[in-house]
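Student: Sharing a structure here in structure tokens format.
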Amino acid sequence: MYDRTLSFEAMFNVLYIQRFPLQNLWSNWLIPLLVMLTVHLPAWSQFRVEVSGVGMTQLPVVIAPFKGEAQSPQKMAAIVQADLERSGQFKALPVGNAQLDELSRPEWSVWRQLSAEALLAGSVTRLADGRFDVRARLWDAVKGQEKGEFREAVVAADLRLSAHRISDWVYQQLTGVQGAFATRIAYVTKSSGRYTLWIADADGEGAKAALSSPEPIISPSWSASGTHLAYVSFELRKPVVYVHELASGQRRAVANFKGSNSAPTWAPDGRSLVATLSRDGGSQLFRIDLNGGEPRKLTQSGSINTEPVFTPDGSALYFVSDRGGSPQVYRMPSQGGPAERVTFSGSYNISPALSPDGRWLAYVSRNGAIFRLHIMDLNSGQVTALTDSSADERPSFAPNSRLLVYATLQQGQEALMTSTLDGRIKARLSGQGGDIREPHWGPLRK
Amino acid sequence: MKKGFWAGLLLAALLSGCASGVKLDDVPVEDKSATSSGANSQGVGAGLNGVAGVLTDKSGAGVGPAGVGTVVYFDYDSYVVRAEARPLIETHARFLKANQQRKASLEGHTDERGGREYNLALGQKRAEAVRQAMTLLGVSDAQIEAVSYGKEKPAAMGSSEADLAKNRRVEIRY
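Residue numbers (the working numbering), protein chains in the order written: chain A, 29 to 474; chain P, 52 to 225.
Okay, here's the thing in structure tokens:
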């Protein structure tokens, strides 16, 4: 009746056209087609992925619609497909009219003709207790052999999570690398003068409000356990650092000293934070023990020191300082001590983020009026610009170190993007109206 | 329609906050993603993504000396109080010295360019410049607090140089 992959391709092409105006002709028929699809298939208007760019090598895969997903609150195959496409390592092939599930015996000649390397099919079935039984099977389409089976029963609220777990499982099976789709990101929206801190799936969807305030909220930072966030809220008419337990909503001010309190980051052991306090004048880094006690000052310079992040082993801190006359990224022992400069090109390098595997440093570099996301290979020191946008902010890495999320301006609106580390594949995270900002990618689920 | 939904959600959140009489209270979280709105097909339990929402209140502001401005402007990339701002700062300093029970917040702001946290640090420098000027005029440190909003609360929303200049400021609030 309708080719499921078509709407994704149509979306892809619409975005493509926006970036390459010469091909505007296409929009004369593609956009009406898209509108038509949306009108006739309301389920599809709920979820969209806008992926742009072409990866180096992309594995062609078939992700068949799951049997029973029409009656399910979540369209499992679409979520898995969007996850895999965002990773930049997969190309989803059109499924056509094929009706498959995990019990099917696929007609391999058909899929080989499309050069499919792998095929995923599954089902979602409502159980008597109200939960959903989710099953999937992955095949090597070249060999016509089964690669594995996925099976779990979840409550309706966890169906999206289950789809992301399938994505992780497929990603691991096909790349050998742990997936990070079943993770969460925190971000902040500003809409009609209200600020809301959201906790969403790693694709930006399924967001739940953790905090809503008439005053700004910035700098959310996940604890390594994924159970708590630290952030800066201005609800007391000044920046105060809070620690917030997500499941209960319990929160407390952990840094409300005289002056400004900002830029919290968690020590890997979860027992302390490092934050920027101005209690002694200026902006200096302090270590704050969450069990109480006086904050311990880590920097003494008369210059700005802010935006600290720990190395994955907790032994060192990267941070921003203007001690050399312009803001640059520095590194020092996490107990304080001599700092060495890390960024050298350009006169404004801020917002450092470290990949969990310790290989990469992402940061925002200014050139004239352009603020652009850059990445440094920490082994070689080589630096690459990852975007062609002009107002990038606050990068953070996926916990498997394979993707970055960052904020930027798109058509004058604040939006969140993901990018592969080579900058080739980018996707705009949808799911929110208004300005979206201050993303931070949470850890793997324990 | 979407607006209506949000207004409803906000109202529900506010009502639940009032009912308990606690300033920071848990509010019921609604899953705002359209994809999971199939209410009649929900399974049991909150699932593993449980997030309890919190709503904060708005805070008020007091009144300072009459007949004088409350905003000190700064040049681009500058943290030095201009000579023309001296009379304004002196008036506020006199008011604070005459009213030792009153307290003022010196709120530093920047224009929209650059990172949020770095701008917070730059706004702090501006706020501390005004604090130092007041301290030199004899205001007690206990009466004034230098804080920063960075680029979060622009006075003018545009991106023209005139707008940006209005945003590079320190606001004196009581």
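Where a beta carbon is used, it is the ideal one built from N, C-alpha and C, also for glycine. No experiment lies behind these values; they were computed from the predicted model shown.
For a contact meaning CB atoms closer than 7 Å, what does N312(P) contact in chain A?
Tutor: Beyond the ends of chain P as shown, which are 52 and 225, falls residue 312(P); an answer cannot be given.
Student: Any C-beta of chain A sitting closer than 8 Å to the C-beta of Y127(P)?
Tutor: Along the second sequence, read from residue 1 onward, the residue named residue 127(P) stands at position 76. Judged by the 8 Å Cβ criterion, Y127(P) is not in contact with chain A.
Student: Beta carbons nearer than 8 Å to chain P: which residues of the stretch 390-409 of chain A have them?
Tutor: Those would be V392, R394, A397, F399, in chain order.
Student: Does R177(P) come within less than 8 Å of chain A when only Cβ atoms are used?
Tutor: Numbered from 1 along the second sequence, position 126 holds the residue referred to as residue 177(P). Using a Cβ-Cβ cut-off of 8 Å, R177(P) does not count as an interface residue toward chain A, since no Cβ of chain A sits closer than that to its own.
Student: Could you say if the stretch 458-470 of chain A and the stretch 214-223 of chain A meet the contact criterion of at least three C-beta pairs nearer than 8 Å?
Tutor: yes
Student: Just the chain A side, please: which residues come within less than 9 Å of A206(P) by C-beta, in chain order?
Tutor: As a first step, residue 206(P) must be located in the second sequence, where it is residue number 155. Those within 9 Å of A206(P) in chain A number zero; the least Cβ separation is about 14 Å.
Student: Would you mind giving the Cβ-Cβ distance between H272(A) and A235(A), rounded to the nearest angstrom? I have them listed as a contact below 8 Å.
Tutor: Along the first sequence, read from residue 1 onward, the residue named residue 272(A) stands at position 244. Along the first sequence, read from residue 1 onward, the residue named residue 235(A) stands at position 207. With 8 Å as the limit, H272(A) and A235(A) do not qualify as a contact, their Cβ atoms being about 16 Å apart.
Student: Give the DSSP-derived three-state secondary structure of M84(A) in the structure shown.
Tutor: Residue 84(A) sits at position 56 when you count from the first residue of the first sequence. Looking at M84(A) - three-state DSSP - the assignment turns out to be coil, as it is neither helix nor strand.
Student: Going by DSSP, which residues form a beta bridge with A146(A)?
Tutor: Position 118 of the first sequence holds residue 146(A). Residue pairing of A146(A) in beta bridges, as defined by DSSP: V89(A), D168(A).
Student: By the three-class DSSP mapping on this structure, what secondary structure does I140(P) have?
Tutor: Position 89 of the second sequence, counted from the first residue, corresponds to residue 140(P). I140(P): helix per DSSP, three-state reduction.
Student: Within the present structure, is the beta-carbon of Q328(A) separated from the nearest heavy atom of the ligand GTP by less than 7 Å?
Tutor: Looking at this structure, you won't find the ligand GTP or any other ligand, since it has none at all.
Student: Go ahead and label F125(P) buried or exposed: buried means 16 or more other beta carbons lie within 10 angstroms of its beta carbon, across all protein chains shown.
Tutor: Position 74 of the second sequence, counting from 1, holds the residue named residue 125(P). By the 10 Å Cβ count, F125(P) comes out buried.
Student: Grouping DSSP H, G and I as helix and E and B as strand, with all else coil, what is K176(P)?
Tutor: Start at 1 with the first residue of the second sequence, and residue 176(P) comes out as number 125. In this structure, K176(P) counts as helix in the three-state DSSP scheme.
Student: How is the beta strand (DSSP E) around S223(P) delimited, first residue to last?
Tutor: Position 172 of the second sequence, counted from the start, is the residue given in the question as residue 223(P). Note that residue 223(P) is Ile in the sequence shown here, rather than Ser. Counting along the chain, the beta strand (DSSP E) containing I223(P) begins and ends at 220-224.
Student: Among A184(A), R222(A), R193(A), whose alpha-carbon lies nearest the alpha-carbon of A208(A)?
Tutor: Numbered from 1 along the first sequence, position 180 holds the residue referred to as residue 208(A). For A208(A), the nearest C-alpha among the options comes from R193(A).
Student: Output, in chain order, the set of chain P residues within a Cβ distance shorter than 7 Å of K325(A).
Tutor: Against the first sequence, residue 325(A) aligns to sequence position 297. Close partners of K325(A) in chain P (Cβ separation under 7 Å) are lacking, with about 16 Å as the shortest Cβ gap.
Student: For F399(A), name the three-state secondary structure that DSSP assigns.
Tutor: Here residue 399(A) is taken as the residue at index 371 of the first sequence, counted from 1. It is a strand residue.
Student: What are the complete beta strand (DSSP E) segments, minimum 3 residues, inside the stretch 102-135 of chain A?
Tutor: 118-120
Student: Is I91(A) closer than 8 Å to R188(A) when the C-beta atoms are compared?
Tutor: Looking up residue 188(A) in the first sequence gives position 160. Looking up residue 91(A) in the first sequence gives position 63. Contact: no.
Student: In this structure, does DSSP put Y169(P) in helix, strand or coil?
Tutor: Counting from 1 along the second sequence, the entry for residue 169(P) is found at position 118. Helix at Y169(P).
Student: So if I threshold CB-CB distances at 9 Å, which residues from the stretch 302-324 of chain A count as touching chain P?
Tutor: T304, S306, G309, G310, S311
Student: Mark R133(A) as exposed unless 16 or more other C-beta atoms lie within 10 angstroms of its C-beta, in which case mark it buried.
Tutor: Taking the first sequence and counting its residues from 1, the one referred to as residue 133(A) is at position 105. That one is exposed.
Student: So, using beta-carbon positions, are G249(P) and Q175(P) closer together than 8 Å?
Tutor: Nothing can be reported for residue 249(P), as the shown portion of chain P is limited to 52 through 225.
Student: What does a CB cutoff of less than 8 Å around Q141(A) pick up in its chain, not counting 5 residues either side in sequence?
Tutor: If you number the first sequence from 1, residue 141(A) lands on position 113. Cβ neighbours of Q141(A) within its own chain (closer than 8 Å, five residues either side excluded): none.
Student: At least one CB of chain P closer than 8 Å to the CB of E335(A): is that the case?
Tutor: Sequence index remark: in the first sequence, residue 335(A) carries index 307 (1-based). True, the Cβ-Cβ gap to chain P drops below 8 Å.
Student: Would you kindly work out how many angstroms separate the C-alpha atoms of P205(P) and V114(P), rounded to a whole number?
Tutor: As a working mapping, residue 205(P) is identified with position 154 in the second sequence. As a working mapping, residue 114(P) is identified with position 63 in the second sequence. The straight-line gap from Cα to Cα measures roughly 21 Å.
Student: Which of the residues in the stretch 210-234 of chain A, read from start to end, lie with their CB under 7 Å from any CB of chain P?
Tutor: I227, E233, G234
Student: Per the DSSP calculation, A413(A) is bridged to which residue(s)?
Tutor: Taking the first residue of the first sequence as 1, we reach residue 413(A) at position 385. Answer by DSSP bridge pairing, in chain order: H402(A).
Student: Along chain A, in chain order, which residues have C-beta atoms closer than 7 Å to that of L147(P)?
Tutor: As a first step, residue 147(P) must be located in the second sequence, where it is residue number 96. Here the premise fails: no neighbours, minimum Cβ distance about 16 Å.
Student: Assuming the contact rule is C-beta atoms closer than 8 Å, L305(A) and R315(A) should be a hit. Round their C-beta distance to whole Å, please.
Tutor: Taking the first residue of the first sequence as position 1, residue 305(A) is located at position 277. Taking the first residue of the first sequence as position 1, residue 315(A) is located at position 287. Taking the Cβ atoms as the reference, L305(A) lies roughly 10 Å from R315(A), outside the contact range of under 8 Å.
Student: Less than 8 Å between CB atoms is the rule here; does L472(A) satisfy it with respect to chain P?
Tutor: Translated into positions along the first sequence, residue 472(A) becomes position 444. By this cut-off, L472(A) is not an interface position.
Student: Across which residues does DSSP place Q441(A) in a beta bridge pair?
Tutor: Along the first sequence, one-based indexing puts residue 441(A) at 413. Paired residues: Q438(A).
Student: Beta carbons nearer than 9 Å to chain P: which residues of the stretch 431-444 of chain A have them?
Tutor: none
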